[in-house]
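Position in the first sequence (first residue = 1) + 16 = this note's numbering.
For every residue, glycine included, the Cβ atom is placed at its ideal position computed from N, Cα and C.
Take a look at the structure below.
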Amino acid sequence: MAEQKLHVYNTLTREKELFEPLNPPFVGMYVCGPTVYGDAHLGHAKSYVSFDVVLRYLRYLGFNVRYVQNITDVGHLVGDGEEGEDKLAKKARLEQVDPMQVAEKYTYTYFRDMDALNVLRPDIAPRATGHIPEQIAMIKTLIKKGHAYNSDGNVYFDVSSDPDYGKLSGRNVEESESGTRVETASDKKDPKDFALWKKADGEHLMKWDSPWGVGYPGWHIECSVMSTKYLGESFDIHGGGLENQFPHHECEIAQSECAHDAQFVKYWMHNNMVTLEGQKMGKSLGNAINLEQFFTGKHDLLTRSWDPQVIRFFLLQSHYRSTTDFSEDALEAAETGLKNLHSMITSIEKAEPGNGETFDIEGFKVSFEEVMNDDFNSAQAIAVLFENLKEIRKQITANQAPSNLGELRIFLHTVIEEVLGIWPNGEGGPGNSELTSGLVELFIEIRKEARANKDFALSDKIRDDLKELGVQLMDGKDGTTFSID
RNA sequence: GGCGACAUGGCCGAGUGGCUAGGCAGAGGUCUGCAAAACCUCGUACGGCGGUUCGAAUCCGCCUGUCGCCUCCA
């Protein structure tokens with residue numbers, strides 16, 4: 017579907033809708049961040065790379081985006097039911113450290129891994145523990161308005177008080193009762209009700225004073241509070257993984273709309289899940305390979321390391337609303353593809369403007385925008401890239417470099433570097449030091465003499481041995497060139 | 001049990017009521033001392049069975065299969 021204007025698939029309506037921000041050119045965007053009690057894995061990569069491209073493309077279109085992504089450094093219960101243990105507290109107990117130490121550590125590794133994937137940092141990364149008073153205030157409001165009740169130190173949201181409950185996930189709450197394995201907390205009025213504030217027992221490490229006694233905030237309230245604080249009671253985009261659609265996002269809507277009597281979010285966006293060799297992966301299943309393990313190759317299921325850029329490129333080759341199945345074979349194909357893409361970029365960067373046909377930058381731009389406007393179709397955008405870059409390189413190799421090469425390069429930087437974030441890594445690598453290239457040039461000189469003397473044994477040895485070191489020699493009409501991996 | 005998604009050529013993976021997605025792998029060719037790279041050419045796919053239609057892989061129904069959510073998870 018070719019689109020002149022940006023269309024976004026809205027989970028709320030199950031349709032692609034024309035994107036019209038509430039207060040253009042400003043756009044408020046909130047994406048559920050990680051719970052920092054473990055290393056980031058492929059699932060995080062898919063979600064945050066997806067929304068990174070959403071963010072980058074919105075900015076490319078000229079929107080002034082404020083991007084908020086929370087860090088959950090408290091709570092969420094481990095195990096079934098409502099009586100489980102706080103995940104951070106559990107991790108802290110196992111590692112014999114303070115929960116905040118755990119949170120700090122994994123916040124650091126999270127951003128480290130996202131940086132490696134070239135994911136832009138959010139404008140604001142609020143911590144749940146830094147917003148306890150705001151959460152208490154919101155719970156108070158909900159109680160005052162009759163949407164929540166205190167049950168001996170546990171405060172629950174009264175789902176029956178919200179006729180809209182269920183509108184995001186499309187589930188009929190009345191009928192979804194039977195068959196669910198939720199252990200019902202005994203002090204709830206209704207099993208569907210969810211916790212806003214939980215009473216802490218004596219051993220609980222992370223707890224705060226509240227009007228209802230010592231406790232800690234419920235699972236969903238932090239996102240309602242922090243998004244509202246930094247983006248307002250109504251904002252444009254809320255994103256997250258599909259698995260959070262219910263109950264997390266449904267509950268966020270209920271809390272926020274009942275507290276503020278305003279539409280919470282205009283566009284809900286959900287990325288699909290990641291599978292590994294066809295199998296679901298998740299923290300609780302134990303088959304999650306950390307991103308760092310991908311980057312270093314240190315995992316039993318991996319045969320080698322994988323460049324973060326390759327992982328990013330691989331993810332962008334499928335749509336964010338499709339599941340992405342990881343396998344090393346698929347990654348390898350992506351790696352070769354990315355390498356080719358980069359080599360095309362490099363040859364365009366090195367070329368001199370020529371007397372060839374003027375390249376149709378406008379046409380390139382229109383095709384790129386058409387596919388991106390169709391709900392951020394990065395997979396098609398990459399196809400557009402290959403088609404156009406191939407054409408340009410063809411002109412260059414035929415010594416017919418486009419005359420508007422300079423303008424073209426600016427456009428390529430915008431699209432490939434700024435929007436998709438898959439530009440070749442910097443020139444500072446070991447392969448590009450003056451010493452290295454000087455040495456390689458020297459070998460090329462020696463080999464040239466050998467070839468002139470028809471000493472192909474020596475010339476092939478030089479070429480083969482350099483190849484072993486990652487230096488590829490290429491004999492062309494105008495002499496020998498080289499590239500370094 | 002309830003709800004939902006998906007099934008595309010050797011592999012990954014977009015998309016669409018009639019017109020080549022793209023990438024990877026593969027085959028042949030040009031070039032080359034030989035390679036590599038580059039360039040040229042080549043694959044006519046859409047789970048099964050019905051239906052709608054002038055025409056469907058694309059719409060509808062049924063079936064089969066895979067996966068997800070319903071319980072912390074991106």
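As assigned by DSSP and simplified to three states, the class of residue i
i: Tyr181; result: coil
i: Val171; result: strand
i: Gln151; result: helix
i: Val52; result: coil
i: Pro446; result: A caution first: Pro446 carries a pLDDT of 48, below 50, which makes its placement in the model unreliable, though a value can still be read off. It is helical.
i: Ala132; result: helix
i: Lys493; result: coil
i: Arg82; result: strand
i: Glu218; result: One detail in the question is off: residue 218 reads as Gly in this sequence, not Glu. In this structure, Gly218 counts as coil in the three-state DSSP scheme.
i: Val113; result: coil
i: Asp209; result: coil
i: Met388; result: helix
i: Asn415; result: coil
i: Ala164; result: strand
i: Asp252; result: strand
i: Gln488; result: strand
i: Val230; result: coil
i: Gly97; result: Confidence in Gly97 is poor, its pLDDT being 36 and thus under 50, which makes the residue's placement unreliable; the coordinate value appears in the next sentence. Of the three classes helix, strand and coil, the one that applies to Gly97 here is coil, per DSSP.
i: Gln325; result: helix
i: Arg467; result: helix
i: Gln20; result: coil
i: Arg143; result: strand
Cβ shell of residue i (< 7 Å), same chain only, five flanking positions each side left out
i: Pro41; result: Gly78, Phe79 and Asn80
i: His23; result: Lys32, Glu33, Leu34, Phe35, Asn389, Asp390 and Asp391
i: Asp139; result: Arg82, Tyr83 and Val84
i: Lys381; result: Phe427
i: Val400; result: Ser383, Phe384 and Val387
Buried versus exposed call for residue i [16 or more other C-beta atoms within 10 Å across all chains shown]
i: Ala367; result: buried
i: Glu385; result: buried
i: Ala153; result: exposed
i: Arg320; result: exposed
i: Leu331; result: buried
i: Pro37; result: buried
i: Leu71; result: buried
i: Val326; result: buried
i: Asp129; result: buried
i: Pro149; result: exposed
i: Glu266; result: buried
i: Arg463; result: buried
i: Pro227; result: exposed
i: Thr51; result: buried
i: Lys107; result: buried
Sequence-distant residues of its chain with Cβ nearer than 8 Å to residue i (five each side left out)
i: Arg425; result: Ile364 and Glu365
i: Glu273; result: Asp178, Asp180, Gln279 and Phe280
i: Thr145; result: Asp89, Val90, Met116, Ala119 and Met222
i: Thr291; result: Met297, Thr339, Thr340, Asp341 and Phe342
i: Gln20; result: Glu386 and Asn389
Within 9 Å, strictly: CB atoms of residue i and residue j
i: Val43; j: Val135; result: no
i: Leu307; j: Asp68; result: no
i: Lys204; j: Tyr232; result: no
i: Asn86; j: Met242; result: yes
i: Phe173; j: Gln271; result: yes
i: Leu428; j: Ile361; result: yes
i: Leu474; j: Ala466; result: yes
i: Tyr336; j: Tyr46; result: no
i: Leu489; j: Ile460; result: yes
i: Gln151; j: Ile237; result: yes
i: Ala395; j: Ser334; result: yes
i: Leu110; j: Ala164; result: no
i: Trp322; j: Glu351; result: yes
Residue range of the beta strand (DSSP E) that includes residue i
i: Glu31; result: Glu31 to Leu34
i: Thr430; result: That residue, Thr430, is in no beta strand (DSSP E); it is neither H nor E in DSSP.
i: Leu292; result: Val290 to Leu292
i: Asp341; result: Thr340 to Phe342
i: Tyr336; result: That residue, Tyr336, is in no beta strand (DSSP E); it is neither H nor E in DSSP.
i: Phe42; result: Phe42 to Val47
i: His286; result: Val281 to Asn287
i: Val70; result: Premise fails: Val70 lies in the alpha helix (DSSP H), Leu58 to Tyr76, not in any beta strand (DSSP E).
i: His23; result: His23 to Asn26
Residue i, enclosing alpha helix (DSSP H) - first and last residue
i: Thr244; result: Ile237 to Leu247
i: His276; result: Glu266 to His276
i: Phe472; result: Phe472 to Glu484
i: Thr312; result: Leu307 to Thr312
Spatial neighbours of residue i in its chain, beta-carbon cut-off 6 Å, leaving aside the 5 residues before and after
i: Thr196; result: Residue placement at Thr196 is poorly supported in this model, since its pLDDT is 38, which falls under 50; the coordinates still yield a value, given next. Closer than 6 Å at the Cβ level, and outside the excluded window around Thr196, lies no residue.
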